[in-house]
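Take a look at the structure below.
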Amino acid sequence: MNHLLSWIIWLPILGMVAIAFVPRDKSEVIKKIAAVFSGLQLVLATYLWSIFDASNGTFQFMERAEWIPSFNITYILGVDGLSLPMVFLMALIGFIGVFVSWNIDKAIKGYFSLFLLLNTGVMGVFLSLDFFLFYIFWEVMLLPMYFLIGMWGGPQREYAAIKFFIYTLFGSVLMLIAILALYFTCGNTFDMLVLIETAPTALNGMLWWGMSAIKVIWVLLFIGFAIKVPVFPFHTWLPLAHVEAPTAISVILAGVLLKLGVYGILRVNYNMLPDGVFWFAGALAVLGLINVIWGAMCALAQTDLKKLVAYSSVNHMGYTLIGMAAVIAASEMNGENLISAQAGLGGAVFQMFNHGTISAMLFILVGVIYDRAHHRDIEGFGGLASQMPIYTAFVAIAFFAGLGLPGFSGFISEAMIFIGAFPVFKTVVIISTLGILLNAAYFLWAFQRMFFGPANEKYNDIPEINKRELFTVIPLAVITLILGVYPRPFLDLIAATLNVLIESVVSYGGLAAAM
Amino acid sequence: MSNLNSLAHFWPELILTVTVLTAIIADLFYRREESYKVAWWLLGGLALTLFSIRISSSLISSLFMGTIAIDPFSQFFKVLILISTALVILMSFNSKELKDYRVGEYYSILAIMAFGLFLMASAIDILMVYIAIEIVSIMSFFLAGYLKKKPESNEASLKYVIYGAFSSGIMLYGLSILFGLTGTTKFFEMQSAIASLSSDASLALIIATVFILVGFGYKISAVPFHFWTPDVYEGSPTTITAYLSVAPKAAGFAMIIRFFNQVFGDGNAFSSESWLALNGIPWPQLLGILAAATMTVGNLVAIQQNSVKRMLAYSSIAHAGYMMMALPLMSQSGIYAIMIYLTMYLFMNLGAFYVVIYVQGKFGGENFENFNGLGWKMPFVGVVMTLFMVALTGLPPTAGFIGKFYIFAAVIEAGSQYYWLAFVGVINSVISLYYYIRVVKHMYLFGERSESISMPSSKLVTVVLLVLAIPTFIFGWYFGPVANWINESLVIFNGI
Chain A
1 MNHLLSWIIW
11 LPILGMVAIA
21 FVPRDKSEVI
31 KKIAAVFSGL
41 QLVLATYLWS
51 IFDASNGTFQ
61 FMERAEWIPS
71 FNITYILGVD
81 GLSLPMVFLM
91 ALIGFIGVFV
101 SWNIDKAIKG
111 YFSLFLLLNT
121 GVMGVFLSLD
131 FFLFYIFWEV
141 MLLPMYFLIG
151 MWGGPQREYA
161 AIKFFIYTLF
171 GSVLMLIAIL
181 ALYFTCGNTF
191 DMLVLIETAP
201 TALNGMLWWG
211 MSAIKVIWVL
221 LFIGFAIKVP
231 VFPFHTWLPL
241 AHVEAPTAIS
251 VILAGVLLKL
261 GVYGILRVNY
271 NMLPDGVFWF
281 AGALAVLGLI
291 NVIWGAMCAL
301 AQTDLKKLVA
311 YSSVNHMGYT
321 LIGMAAVIAA
331 SEMNGENLIS
341 AQAGLGGAVF
351 QMFNHGTISA
361 MLFILVGVIY
371 DRAHHRDIEG
381 FGGLASQMPI
391 YTAFVAIAFF
401 AGLGLPGFSG
411 FISEAMIFIG
421 AFPVFKTVVI
431 ISTLGILLNA
441 AYFLWAFQRM
451 FFGPANEKYN
461 DIPEINKREL
471 FTVIPLAVIT
481 LILGVYPRPF
491 LDLIAATLNV
501 LIESVVSYGG
511 LAAAM
Chain B
1001 MSNLNSLAHF
1011 WPELILTVTV
1021 LTAIIADLFY
1031 RREESYKVAW
1041 WLLGGLALTL
1051 FSIRISSSLI
1061 SSLFMGTIAI
1071 DPFSQFFKVL
1081 ILISTALVIL
1091 MSFNSKELKD
1101 YRVGEYYSIL
1111 AIMAFGLFLM
1121 ASAIDILMVY
1131 IAIEIVSIMS
1141 FFLAGYLKKK
1151 PESNEASLKY
1161 VIYGAFSSGI
1171 MLYGLSILFG
1181 LTGTTKFFEM
1191 QSAIASLSSD
1201 ASLALIIATV
1211 FILVGFGYKI
1221 SAVPFHFWTP
1231 DVYEGSPTTI
1241 TAYLSVAPKA
1251 AGFAMIIRFF
1261 NQVFGDGNAF
1271 SSESWLALNG
1281 IPWPQLLGIL
1291 AAATMTVGNL
1301 VAIQQNSVKR
1311 MLAYSSIAHA
1321 GYMMMALPLM
1331 SQSGIYAIMI
1341 YLTMYLFMNL
1351 GAFYVVIYVQ
1361 GKFGGENFEN
1371 FNGLGWKMPF
1381 VGVVMTLFMV
1391 ALTGLPPTAG
1401 FIGKFYIFAA
1411 VIEAGSQYYW
1421 LAFVGVINSV
1431 ISLYYYIRVV
1441 KHMYLFGERS
1451 ESISMPSSKL
1461 VTVVLLVLAI
1471 PTFIFGWYFG
1481 PVANWINESL
1491 VIFNGI
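Just so you know, the sequences run in chain order A and B.
For the first sequence, my numbering begins at 1 and goes up steadily by one.
For the second sequence, my numbering begins at 1001 and goes up steadily by one.
This is the structure:
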């Protein structure tokens, strides 16, 4: 199939156009159109996975078309082992998200149109290999997100929406400066493939106001991406946005949008500014550590279940940062410990995927109880295990997966990260294992308060989790369990690409000292 | 070229003149309530003018003894001016404010102003510069005060007159010093005279330049010469506010670019070194600081407004600031960026003002509260206004992003000494998001969702909104043709 990637990106837009022609009172039809188009997208993404050549670490299924030749802007798409899992994740979460949103009752037409637009934006970021295109997709996400939080969100939605919008826009305009700086210093091109070739050397020795150009661009890009991750101290928009957003949007936000930041750092910072990686790796590990501890501590203090889950995202994304920093283990000065680098980076990418499935599951389950009880106060429940046994079982799976219990995919990725990072960042790893402990503490404590103990009479006849909700949770739970015992298919998929990435980062390792 | 020969290349202006005269005479035969029909005459005339510009040769020459340039650069601006004039005429049909007045003269004066703007865009002689600015200013005074029963409109006109007279006086003084130094009024002769000036004249030259900048700064409402803008913009009929925020600004930028490149440059695009002709003062930094101040002041004050119209007035100051960022660079791509920005800005800003005009007419006010629930009541207007607001913020995929993108690209291309300016610029875009999105917030997040939705009752409103919205959207992701057209218009700066 030609233009497979284009189809994956633009299918939701076609769905949006289709929805535009449906009268707004036909809500069932609108939902079905959204489901069909994101379902088709999921089929295509799965097909892409099946025909993807995992032994090849370069970009595949490339598409290239002239766009604005006068500014060297081209429409380039391509997929590699780094973006493929993210594309699949987005297609999956996007499909599930439609069913999670099934009960939306206000302005359904607008909701699903924006939902599909958001899907296209995210897919576009993962698949575009032209920086201009990348940036356009990056920003296209913002407006739908603003509306989805601002119109369908909770009581503080306006504030949450504008805070999210301003925060992310701030990050992305810094990124725009960095993109333009790269364009003009590396041969007037937005083509990421060319930039990956030229940028590492073109910027060498360039000084801006006495600072190394590499460092300046690195920091600008990093702030842009870090806000999305979110890295402490740029994380304050996240709990708010999560708590106020409707369930499906929290699911997308935690499941996929946060990964955009990490993906961006790996795709852009790591590939184009390998020197900077060595300069920044220490800071990255420490920031990761702060995320881990800070996120866990904050989660421990929450009484709102959704906020707890939101802070657990901060915590989980911290591990990815530590894993990413481990890449420097493979350099000469660190003893060419390639295994560590592979484990760390592989763990980081795996953790991204796992957090995508686990946090999506967590948010869906929070949504389930909120729909019934209309509050999310952890203290307001008790003994739910007897009232909603099936629901309890799924929450148990999600919580245990979240706290990194062996047998769930989260354990594998976190273990890989620690194994990879240990040789280079011993202290960070030792302290961050403390984070695992805190992790277990807040999940188990919340579990205990909600599901055990004396039953709250008020919820004696609370309805059990229904079929639709089960349909949204089960695929995620199954993936978490399968990858928890047999992670091989996933790790094989990303290995070749990551090896190329590690090699390109490390081959500039010698230059780092000269910087 | 001699005066008589010049006429053969002066068709657009001649057609415009005949159009205005026809309109004035036609107006005599219309009764008061029919006087809006004058507009149709004018629209026809403007179409003819546009046609004559498009078919005219791409000859690069000077007319009327070297006072007016004829080149693709001025043609570009003339097309922009024509488009905005025609759009504003169309927008005026539905203006409720103008209902109580005889509008025949209103339309004629608008066209005379377009004529003045034509001259501004092509003047290459300081006398012609002054005359063109005066034609435009005097017509603006009329139009700003057109609502004679409304005190704010009178106030606007009076303020405009005082500020205008003052700044053009200062400018005239600067121009006369320049004439004294060089002994000529023509841009190109001045340039060679300045090059051979002795160094003890540099103080006089600096003073002259500063004074001239005051005049230009007033025209494009740059800080600190912007004080007239908010009150004039608020008091004027909204259609005129829209016009003032677009067309004179475009012509003003054309004039600045031409003046600085041809008087102080070597006729080609200025390189930053050419500023050395004005040694003693770091001009690029100075202009950069003015640009930064203009956008920051515009944005910070815009946040505090309760009237959308006044907010747009301040935001237009900010937009002038964005465009000014490209001035100190004086590079080919800087000029290019300004021209792209002006093209994009024309559609999105007129669009935003048109929605304000519409809301004013329908809900009787122009404050944020009047926009409450608009997105629910009139989805079409709501969506279109959201598009304009997003475009003015500069988010992709809209025309506004492309404009900003080119500006930032030009600034960054100019080298690391200007990065701070790009930084101030992007931070300002983030600030502007706050007040632009506030309109969207009022349209969608406030107000009840109503079951009855309606389209604008008049077909004309829908059509004009579409005419403004479609380019705002399309140019956001496909601007190749515009970019090429501007590239061709820039040949004069490639070195003739």
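Idealized CB from N, CA, C, for every residue including glycine.
Chain A beta carbons: is any one of them nearer than 7 Å to that of Ala1422(B)? yes
So with Cβ pairs under 7 Å, would you call Leu1300(B) a contact of chain A? no
Would you mind working out which of Phe1188(B), Leu1082(B) and Ser1176(B) sits nearest Thr1019(B), comparing C-alpha positions? Leu1082(B)
Could you tell me whether the Cβ atoms of Val100(A) and Gly121(A) are closer together than 7 Å? no
List, in chain order, every chain B residue whose beta-carbon is nearer than 8 Å to that of Phe165(A). Leu1433 and Ile1437
Close beta carbons around Ala1132(B), own chain, < 6 Å, minus the five adjacent residues each side: Gly1116, Leu1119, Met1120 and Ala1123
Answer with buried or exposed for Gly1104(B), where buried requires no fewer than 16 other C-beta atoms within 10 angstroms of its C-beta. buried
Grab me the residues of Tyr1406(B)'s own chain with a C-beta within less than 8 Å of its C-beta, minus the 5 sequence neighbours each way, in chain order. Ser1333, Tyr1336, Ala1337, Ile1340 and Tyr1341
Just list the alpha helix (DSSP H) runs in the segment 443-490 of chain A, keeping only unbroken ones of 4 residues or longer that don't cross its boundaries, in chain order. 467-485
Candidates Leu207(A), Gly97(A) and Gly383(A): which alpha carbon is nearest Ala245(A)'s? Gly97(A)
Length of the line joining the Cα atoms of Gly382(A) and Ala455(A): 5 Å
Nearest to Trp7(A) (by Cα), restricted to the options Ile166(A), Leu77(A), Phe447(A) and Val277(A): Leu77(A)
Contact set for Val433(A): own chain, Cβ-Cβ below 8 Å, skip 5 residues either direction: A small correction: the amino acid at residue 433(A) is Thr; Val does not occupy that position in the sequence shown. Only Phe418 meet the Cβ criterion.
Can a CB atom of chain A be found closer than 7 Å to the CB of Phe1408(B)? yes
Between Ile328(A) and Val277(A), which are expected to be in contact by the criterion C-beta below 8 Å, what is the C-beta distance as a whole number of angstroms? 7 Å
List the endpoints of the continuous alpha helix (DSSP H) containing Leu237(A). Checking the sequence shown, residue 237(A) turns out to be Trp, not Leu. Trp237(A) -> alpha helix (DSSP H) spans Trp237 to Glu244.
Could you tell me the boundaries of the beta strand (DSSP E) in which Ala329(A) lies? Run containing Ala329(A): none; DSSP gives neither H nor E here.
Might you give, ordered along the chain, the residues of its own chain that have their beta carbon closer than 7 Å to the beta carbon of Phe363(A), omitting 5 neighbours on each side? Thr247, Ser250, Val251, Ala254 and Val309
If we count the other Cβ atoms within 10 Å of its Cβ and call it buried at 16 or more, is Thr1085(B) buried or exposed? buried
Residues in its own chain within less than 6 Å of Leu174(A) by CB, not counting five upstream and five downstream? Leu220, Ile223 and Gly224
Is Ile104(A) a contact residue of the ligand GDP, with contact defined as CB to any heavy atom under 6 Å? Judged by which ligands are present, the structure shown has none, so any question about the ligand GDP falls away.
For chain B, check one thing: does any of its Cβ atoms lie closer than 7 Å to the Cβ of Ser504(A)? no
What does Leu1342(B) reach in chain A if we use C-beta pairs closer than 7 Å? Near Leu1342(B) there are no residues of chain A at all, since even the closest Cβ is about 18 Å away, more than 7 Å.
Do you know offhand how far Ala1483(B)'s Cα is from Ser70(A)'s? 7 Å
Would you give the residue range spanned by the beta strand (DSSP E) that Phe61(A) belongs to? Gln60 to Ile68
State the Cα-Cα distance for the pair Pro1012(B) and Phe1051(B), rounded to the nearest angstrom. 8 Å
Run of the beta strand (DSSP E) containing Val79(A), from where it starts to where it stops: Ile73 to Val79
How would you call Leu491(A), buried or exposed, if buried means at least 16 neighbouring beta carbons within 10 angstroms? buried
Start and end residues, beta strand (DSSP E) containing Ser1062(B): Ser1061 to Leu1063
Alpha-carbon spacing of Phe115(A) relative to Tyr1218(B), whole angstroms: 46 Å
CB contact below 7 Å: Pro1471(B) versus chain A: no
Taking the C-alpha atoms as reference points, what is the distance between Pro1379(B) and Asn499(A)? 51 Å
When you compare each of Pro389(A), Gly484(A) and Leu365(A) to Pro406(A) by their alpha carbons, which one comes out closest? Gly484(A)
What does DSSP give as the partner residues of Lys1186(B) in its beta bridges? Asp1125(B)
Flag Glu139(A) as yes if its beta-carbon sits less than 7 Å from any beta-carbon of chain B, otherwise no. yes
Would you decide whether Phe59(A) is buried or exposed? Buried here means 16 or more other CB atoms lie within 10 Å of its CB. buried
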